[in-house]
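Residue numbers (my numbering): 10 to 216. A short worksheet on the structure shown next.
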Amino acid sequence: MRAVNLLPPEEAQRSAARRKRLGFLFLLALYIGALALGYLFFAGRADQAEEDLAAQQATNQAIRDDIGRLASAGNLRNEYRGRAADVSSILATDVSWGRLLNDLARLIPDRVWLTSLTAAATVSDINPGSFGQVTMAGVAFDYPDAASWLRTLDSDRWPAVGAAWVNSTAVEMIAGGVEAVNFSSIGTLTDAAVSSRVDERIPEVPQ
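Put into structure tokens, the structure is as follows:
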């Protein structure tokens with residue numbers, strides 16, 4: 010059965026206009042609501058960003074404070090390095106004389122004895138491997154005994170002394186009317202003669 014509209018046409022037009030206005034107001038309300046939600050969302054993110062910025066600024070300030078407190082540590086490290094360099098320079102020619110003489114006492118041949126020993130530690134720019142010179146005078150019963158002393162100096166049994174030679178010999182009478190060979194010899198102190206005190210006196214400092 011077909012519906013019959015008994016309302017006048019003007020009322021139908023007014024009703025359609027009201028529906029349009031209500032639809033427009035509904036869309037407008039949705040738009041305003043969306044704007045409000047968007048504002049609240051971005052305002053919340055802005056507040057969080059400000060909080061994060063404040064926290065980062067506080068962290069940066071704490072780091073700057075720590076750097077200021079640790080500035081004296083840098084000065085102390087520089088002072089330590091300077092003094093360590095001084096100690097290294099002082100001990101650059103620190104020969105282990107006790108070890109050198111102890112090795113010498115074990116190596117002197119039975120028919121040879123020393124009458125004098127003079128040594129000096131120096132650093133040579135011309136010969137970086139040389140740390141000084143040692144001069145020794147002694148007596149041997151005969152030339153083969155003096156030669157055995159030279160072989161001892163020239164061997165690797167006494168690494169603290171190298172490039173050694175007998176530079177003079179002379180036959181003389183000693184007590185009891187016995188002929189003997191007086192000799193003098195010269196050798197170079199090598200890096201094996203240098204002590205390790207520089208490593209013991211300067212401890213390692215972590216970076």
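Virtual Cβ for every residue (Gly too), placed ideally from N, Cα, C. Bear in mind that the values here come from a model prediction, so they are computed numbers and not experimental data.
Please look up how many angstroms separate the CB atoms of residue i and residue j, rounded, as I've assumed it's under 8 angstroms.
| i | j | result |
| --- | --- | --- |
| G196 | A179 | Not confirmed; about 20 angstroms, so no contact. |
| T102 | T127 | The Cβ separation is near 16 angstroms, so there is no contact. |
| T68 | F140 | Between F140 and T68 the Cβ distance is about 55 angstroms, and since that is not below 8 angstroms, they are no contact. |
| T144 | S193 | 7 angstroms |
| D112 | W167 | 6 angstroms |
| S204 | V104 | 7 angstroms |
| L109 | A202 | 6 angstroms |
| V121 | W158 | 5 angstroms |
| R155 | S125 | Rather than Arg, the amino acid found at residue 155 in this sequence is Ala. A155 to S125, Cβ: 16 angstroms. No contact. |
Can you tell me whether residue i is helix, strand or coil according to DSSP?
| i | result |
| --- | --- |
| I117 | coil |
| F192 | strand |
| T197 | strand |
| G91 | helix |
| T131 | coil |
| S98 | helix |
Leaving aside the five residues before and after residue i along the sequence, list all residues of the same chain whose C-beta is less than 7 angstroms from its C-beta, in chain order.
| i | result |
| --- | --- |
| I117 | L123 |
| A189 | V148, A149, F150, E181, I183 |
| R206 | L100, D103 |
| A169 | L109, D112, L198, T199, A201, A202 |
Going by DSSP, name the residue or residues bridged to residue i.
| i | result |
| --- | --- |
| A179 | N191 |
| A172 | According to DSSP, which records beta bridges pairwise, A172 is partnered with nothing at all. |
| S125 | A146 |
Return the first residue and the last residue of the alpha helix (DSSP H) that residue i is part of.
| i | result |
| --- | --- |
| A223 | No answer is possible for residue 223: it lies beyond the span of the chain, which begins at 10 and ends at 216. |
Output needed for residue i: all residues of its chain with C-beta closer than 6 angstroms, excluding positions within five of it in sequence on either side, in chain order.
| i | result |
| --- | --- |
| A52 | none |
| N191 | V148, A179, E181 |
| V175 | L159, F192, S194 |
Could you spell out the range, first to last residue, of the beta strand (DSSP E) harbouring residue i?
| i | result |
| --- | --- |
| G185 | Here G185 belongs to no beta strand (DSSP E), and DSSP marks it neither H nor E. |
| V104 | Premise fails: V104 is in no beta strand (DSSP E) and is neither H nor E. |
| V143 | 141 to 149 |
To which residues of the same chain is residue i closer than 8 angstroms at the C-beta, ignoring the five residues directly before and after it?
| i | result |
| --- | --- |
| T161 | L116, I117, P118, W167 |
| Q142 | A128, A129, T131, I195, G196, T197, L198 |
| D74 | none |
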